[in-house]
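Accompanying notes for the structure given below.
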Amino acid sequence: MDARVLIAKRAAMELQNGQLVNLGFGMPTQASNYLPDGVKVMFHAENGVFGVGPKPTASEAKADMTNAGSEPITLAPGAAIMDLATSLGAMRTGLLDVTILGALEVDQLGNIANWAVDRNGKWWPGIGGAMDLCYGTKKVIACLMHADKSGESKIMKKCTLPLTGKGCVSTIITDKAVFEVGDKVLILKEHAPGVTLDEIKRLTDADFIVAETFGEMKLD
Amino acid sequence: MDARVLIAKRAAMELQNGQLVNLGFGMPTQASNYLPDGVKVMFHAENGVFGVGPKPTASEAKADMTNAGSEPITLAPGAAIMDLATSLGAMRTGLLDVTILGALEVDQLGNIANWAVDRNGKWWPGIGGAMDLCYGTKKVIACLMHADKSGESKIMKKCTLPLTGKGCVSTIITDKAVFEVGDKVLILKEHAPGVTLDEIKRLTDADFIVAETFGEMKLD
Amino acid sequence: MSKFDNKLKTLDEALAVIPKTDSVIMMGGFVGAGEPTCCIEWLIQNKISGITLITNEPGLSGFGRAMLYKNGLVKEIISSHVGTTVESTDEYLKGNLKVEQFYPMGTWIEKVRAGAMGLGGALIPVGVGILDEPGLFAELKEAKTVIEVNGVKCFVEPPLRAPVGLVKAWRADEMGNLEYRLTSMNCNAMVAMACDYTIAEVEEIVPVGTIPPERVGTPAPFVQAVVKGLSLKEHDEIYRQHWLKIGKLVPEK
Amino acid sequence: MSKFDNKLKTLDEALAVIPKTDSVIMMGGFVGAGEPTCCIEWLIQNKISGITLITNEPGLSGFGRAMLYKNGLVKEIISSHVGTTVESTDEYLKGNLKVEQFYPMGTWIEKVRAGAMGLGGALIPVGVGILDEPGLFAELKEAKTVIEVNGVKCFVEPPLRAPVGLVKAWRADEMGNLEYRLTSMNCNAMVAMACDYTIAEVEEIVPVGTIPPERVGTPAPFVQAVVKGLSLKEHDEIYRQHWLKIGKLVPEK
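Below, the structure written as C-alpha cells:
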C-alpha cells in the first residue's frame, strides 16, 4: 500500500461521529476518502464553510463554490457559509474537534513545524491558518513521512524549524508508526505492517517508550 | 410653535443631501419629519439598519422590523440590515456623517452629557450607543432646551454630569438660539423668533461671542 | 456532544442546564426585539434567581426581559444600559441590581465578540478620558487599563463569555443551524457563539437543507439546543397590539 | 461624496484614484476565489508599480493576483502567506518582494477588522511564544508587544486600513450595496469596510431594491465605486477550464 494512502487511512480512524473536522492540505485531505463505517463528520473549510460535501462533477462545479485551496466543492445538507473572520474565529476559539495536519517536523514536546523552511535565508512559504488551528483545536493529529529523503528522522527531540504550534500535537501518524504524545516523551502505540521495532528505533530521533498494547496498525 | 418642533425643524436644516444620519431618541427623531426640500438622507438605526423608511401602517408592522427603540419601521429602497457589531463599528469608525442627539448639558468645549443623572447616588439610565456615536461621527449636533425647569442654563462653561463625548459637538440648537462651537468658546449664530440677545445672555452660562451674521432662525 | 445531531429539546430539557441560583446567562435581544420570550417565562416559572445577566440593554418595559427584574431574579447586569425598562430602573435604584460592568454598546458587543472568537480581549478607544475619570464612577468596576497603539489610547477590555446563552432566531433545522429574520438578528448571532451551552428559541423548526447555506446566521456547531417558542404570527400580533397600545401604531380605520 | 448616489464607474474612472507608484492597496480574495480580476488587469496594463499589497494570501499560481508579482508590480505584501503562488515565491526569494508584516491568517483578518470597525487594534493570543522568539524572524517586523489579559498572553496588533480597496462581489445596485455569492465572500466584505476608497468589481449590476436587505453583504455607504467585471458565466467557465487543466475536475464523458 502506498505510504501516503496508509497514513491517510490510519488518520481517518481517529475521526469520531459528530465531530467538526479540518483536514490540512496534501496527505490529510485524503483521509476524507477513508472514513470508518458509520462515522459521520462535518468538514470545515478555512475560507468559510461548515459542511463541505463530495467533489462536484465538471458541470456542477462553480467559481463561487470552492474550498481553502480554491478547489471546487459541493455542500453537504445542513452546510453553512460564513465570512473569513468567523471561520478563523471558530478555529481560534476551539469549536473544531480535530484537525489532521501535514508536518515538516514534530517533536516529543508535541510541537509541530509545518509553515516554513529556510530558502535563500528567508522563511517560506507562509503561515496561513495552521497556527490558528493548532492554537484552538482540541485534538491535533500530525501526519508525515517518518524520515526525510536522506533518511533523517522527522520525529525529533526538538523541532529545528519555526513552529506552527507548541505542545498541541496529541497523535503522530507516519508511514512507519503511530505515537501518542506523552509528558515530554512519545508513546509508541502501533507499527505499520512489516515494520519492526528496531527499524522504528533507528528512524526516531525523539525519546519514546513502547506501550504495552504496541502492535500492528489495524487498517480495516 | 412648540419649542420641541422648533428645535427639530431647525436641526433638520443641518442635514445635507447624500448623508448617512443617526437621529437620537426623543426630540431629534422628529427632525426626520422636517427634511428641507430636495434633501435626501439615509437614516441609520443602531440595532443594524441603513435606510430606515417611513412609519408602517398597523397591518404592515412586523415584530422583526424595528428600530433601536423597538418601534415598528419600514425599509427604504436600497436599505441594508446588519448585525449589531457591524452597526456599532460603522458608528465608531466614523462612517456616519452626522448625528443629532438630545443632551442634558453641553459646554463651550464641545462636551456633551446625555447618559447619566445621579439618582440615589447611582448613575442612571445608561450609555447605550451614544458614546460610540460621539466618538466616531464627524458632525455632532446637540439639541436641548436652553434652560432646565428651574431656569438654570444647560449651555455651560463646563458640564457637571458624566460626559458622553469630549469636544465632539459642532452645533448646539435650543429653543432660544443656535451656537457653533469655536475654540473653547461658543459662537452665537441665530436666535429663535421673538428671543432677544439679552434673554440669551441671561440664560447662557457658557462664554460666547456673537457672530456678525447673528440673526433670526430661518425656518422655511 | 455531536456538533450536528438532532438538537431539538423541550424547554425543560434544554434549560435544565441552568443552575437554580447564581447562574451566569448571556441573552440576545435589542430592547423588545428578538428576545427568547418563552425561555424567559421558564426562568420566572422555575424561580431561577440570583442571575448575572449579560445582555446588551435591559429590554423594553413590561416585556420579556423586564419581567426578570420585576420578579427580582437578576442580581447583576453586565450591559450598556440599565434604564431602558422601568423594572430594571426600580431594582437598580433600590440597590437590588448590581451594575459594575457598564460599557458603551460598541464596547459591550466587542467584548462578547472577543469571547466568541477566542481573542485576548478588545482594544476600545471609545470612552477613554470619560469612563476612566477618577472618582466619577466609584462603584463601577474600575480596573480600566489603558494602552496606546499607533498613537491611539484605548481601553484593554477582557472578553465576555458565559456558560449558558439564550438567543432568539426565526427558524432552525434539527441540526441547529439558525436563520434570523429582518432586524431581529441584532446581537443574537454573536451571543450564540460566546456561550458554552447555547439554547436557541425559534418560531419554526424545518428539515435539514431548508435553510440556504448563505442564510445560516449561526452555524449548527455553535448551538447545543433548539426549543420551539411562539409562532411568527403570534409574535407579530403581540407586537402589533403592544405598539397600538403605546401609540406607536395608528389603528387602521 | 454621497453615501448612496449612483456609484457606477468605468475601470478608468474608478481606478484613477490609485497613484502611479508606491500605492497601498488592500485586496479581497481567497487563493483564486473572489478576486477582482479586471481591476488586477487594469493595474498591470497601466503599470501601477511599487504597490504595497495588503491581502490575505498571495493568490493562485497563474491566476489573478499572481500576475501582479509576475509583472514585478508589488514591492511589499502584508499577508498571512507568501508561497501560495509560484510568482510571489519567485519575487520573494529574489528579494524583490518585502515580507515584513507576516501574520497567522486569523491575526491578519482581525487587524483588517480593527481597521474597518475603528478599534484600537486586536488582542491575539495565537503565535505568542512562537512569532516573538528572538532572532527567529530577524527580518520580520518585530515590534511585537505582548500584554496579559485575564491571564492570557496576547500580541497587541495595530489595525490595518488602506486608502484604496479592491473587492469582488457577485452583484451590486447602483447605490453600491453589494451581494456576495456562496463561498466567494471570504474577506471581501471586511476589506470593503477597511478602506477609504473601496472599488467593488461585480458580475451583475441591478436596480436599487433588487438585493434583499438581509442579503446585502456590504452596505452602500462603505462603497465608493462599482465597476462591471466578467459575467458569472464567464467566471464559471474560466474556473472550470482551469480545474480541468490541473486535474481537480474529471471531464464528463
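Protein chains in written order, with the numbering used here: chain H, 537 to 756; chain Y, 537 to 756; chain G, 751 to 1003; chain R, 751 to 1003. Every residue gets a Cβ at the ideal spot worked out from N, C-alpha and C, and that includes glycine.
Rounded separation between residue i and residue j - CA only
i	j	result
Y/A713	G/K844	39 angstroms
G/L761	H/W651	47 angstroms
G/K978	G/M867	27 angstroms
Y/C670	Y/D654	21 angstroms
R/T1000	H/F579	At residue 1000 of chain R the sequence reads Val, which differs from the Thr that was named. Near 22 angstroms, if we compare the C-alpha coordinates of H/F579 and R/V1000.
G/D882	Y/T629	21 angstroms
H/V735	H/K754	A quick correction: the sequence has Glu, not Val, at residue 735 of chain H. If you take the alpha carbons of H/E735 and H/K754, they lie about 19 angstroms apart.
R/S830	G/E987	51 angstroms
R/I804	H/N558	26 angstroms
R/N927	Y/I636	25 angstroms
H/V588	H/N553	16 angstroms
Y/G662	Y/G560	14 angstroms
H/A683	H/L739	7 angstroms
Residue i (DSSP reduced to helix, strand or coil)
i	result
Y/D668	helix
H/K658	strand
G/I949	strand
H/R546	helix
G/A966	Per the sequence presented here, residue 966 of chain G reads as Val, with Ala not at that position. Here G/V966 sits in coil by DSSP.
H/K725	strand
Y/S489	In this structure chain Y extends from 537 to 756, so residue 489 of chain Y is not present and cannot be described.
G/G926	coil
H/A652	strand
R/M777	strand
G/K861	helix
Y/H682	coil
G/K903	strand
G/V976	strand
R/E1002	coil
G/P875	coil
R/P971	helix
Check whether residue i and residue j have beta carbons under 8 angstroms apart
i	j	result
G/N938	G/Y947	no
G/K757	G/V941	no
H/M601	R/T933	yes
H/V705	H/G665	no
R/G814	R/G856	no
Y/A616	R/P969	yes
Y/A747	Y/K725	yes
G/A766	G/V862	no
G/P971	G/K759	no
H/L620	H/G672	no
Y/Y779	Y/A612	The structure shown does not extend to residue 779 of chain Y, since chain Y spans only 537 to 756, so no value can be given for it.
G/G879	Y/K702	yes
R/G885	R/P909	no
Y/I648	Y/L699	yes
R/K995	R/G784	no
G/L982	G/E964	no
Where the beta strand (DSSP E) through residue i begins and ends
i	result
R/W920	912-923
R/L803	801-805
H/A747	744-752
Y/L611	611-617
H/A678	675-679
H/I709	705-709
Residue span of the alpha helix (DSSP H) that contains residue i, given as start and end
i	result
G/G881	Per the sequence shown, residue 881 of chain G should be read as Leu rather than Gly. No alpha helix (DSSP H) holds G/L881; DSSP gives it neither H nor E.
Interfacial residues, the region 902-918 of chain R to chain G, with Cβ spacing under 9 angstroms:
V902, K903, C904, F905, V906, E907, P908, P909
Residues of the region 930-945 of chain R whose Cβ lies closer than 9 angstroms to any Cβ of chain H, in chain order:
Y930, R931, L932, T933, S934, M935, N936, C937, N938, A939, M940
Interfacial residues, the region 584-617 of chain H to chain G, with Cβ spacing under 7 angstroms
F586, L611, P613, G614, A615, A616, I617
Proximal residues, the region 645-664 of chain Y versus chain G, C-beta separation under 8 angstroms
R655, N656, K658, W659, W660, P661, G662, I663, G664
Closer than 9 angstroms, Cβ to Cβ, to anything on chain R: give me those residues from the region 544-576 of chain Y, in chain order.
N553, G554, Q555, L556, K576
Residues in the region 615-644 of chain H with C-beta within 9 angstroms of chain R's C-beta atoms, listed in sequence order?
I617, M618, D619, L620, A621, S623, L624, G625, M627, R628
Which residues of the region 839-869 of chain G have a Cβ closer than 9 angstroms to any Cβ of chain Y? Give them in chain order.
T839, Y842, L843, K844, G845, V849, F852, Y853, P854, M855, G856, T857, W858, I859, E860, V862, R863
Please list, in chain order, the residues of the region 701-723 of chain H that have any C-beta partner in chain R closer than 7 angstroms.
K702
According to a CB-to-CB cut-off of less than 7 angstroms, which residues of the region 666-687 of chain H neighbour chain G?
G672
Chain-ordered residues of the region 781-811 of chain R with a beta carbon less than 8 angstroms from chain Y
none
Between the region 955-970 of chain G and chain H, which residues of the former have CB atoms less than 7 angstroms from a CB of the latter, in chain order?
V958, G959, P963, E964, V966, P969, A970
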